[in-house]
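>
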Amino acid sequence: MKFDKAFEMFVDGFSSVEPIWNHYLGYWNKHVEEPARVFFLKYDDMMADPAGHVKKLAEFLWVPFTDDEVGAGIV
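Residues in the sequence shown are numbered consecutively from 1, following the UniProt record's numbering.
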C-alpha cells in the first residue's frame with residue numbers, strides 16, 4: 001500500500017485491522033479498567049509537561065529516574 005493511501009485511510013479513521021478509533025478506544029478502556037497495567041499517554045498532555053510524563057512513563061516501566069539523574073537535568 002502506498003503511503004498516500006495509508007495516510008488517507010488513517011485520516012478517515014481506518015486501519016488494516018479495524019477502524020483506528022475503535023483500536024484506540026480499546027486501549028483507553030483497558031487503561032481505565034487496569035491503569036497499573038496499561039499506560040495511556042495523550043499527545044496534548046505530553047506536550048504540556050514532557051518531563052513530567054517521561055518520569056511517569058519511567059515509573060510505569062519500573063525504571064524511575066534516580067535523584068542524581070533528575071538533579072543533573074537528564075529529565
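Yeah, the Cβ is synthetic: ideal placement off N, Cα and C, and Gly gets one too.
(1) Would you kindly work out how many angstroms separate the C-alpha atoms of Val70 and Pro64, rounded to a whole number?
(2) Could you give the first and the last residue of the continuous alpha helix (DSSP H) run that contains Phe3?
(3) Might you give, ordered along the chain, the residues of its own chain that have their beta carbon closer than 6 Å to the beta carbon of Ala51, omitting 5 neighbours on each side?
(4) Using the C-alpha atoms, what's the distance from Phe40 back to Met46?
Inspection of the coordinates gives the following:
(1) Stepping through the sequence shown from its first residue, residue 70 is reached at position 70. Stepping through the sequence shown from its first residue, residue 64 is reached at position 64. Going from the Cα of Val70 to the Cα of Pro64 covers about 10 Å.
(2) Here residue 3 is taken as the residue at index 3 of the sequence shown, counted from 1. First-last of the alpha helix (DSSP H) with Phe3: 3-11.
(3) As a first step, residue 51 is located in the sequence shown; it is residue number 51 there, counting from the start. Excluding positions up to five away in sequence, the list reads Val75.
(4) Taking the sequence shown and counting its residues from 1, the one referred to as residue 46 is at position 46. Taking the sequence shown and counting its residues from 1, the one referred to as residue 40 is at position 40. If you take the alpha carbons of Met46 and Phe40, they lie about 11 Å apart.
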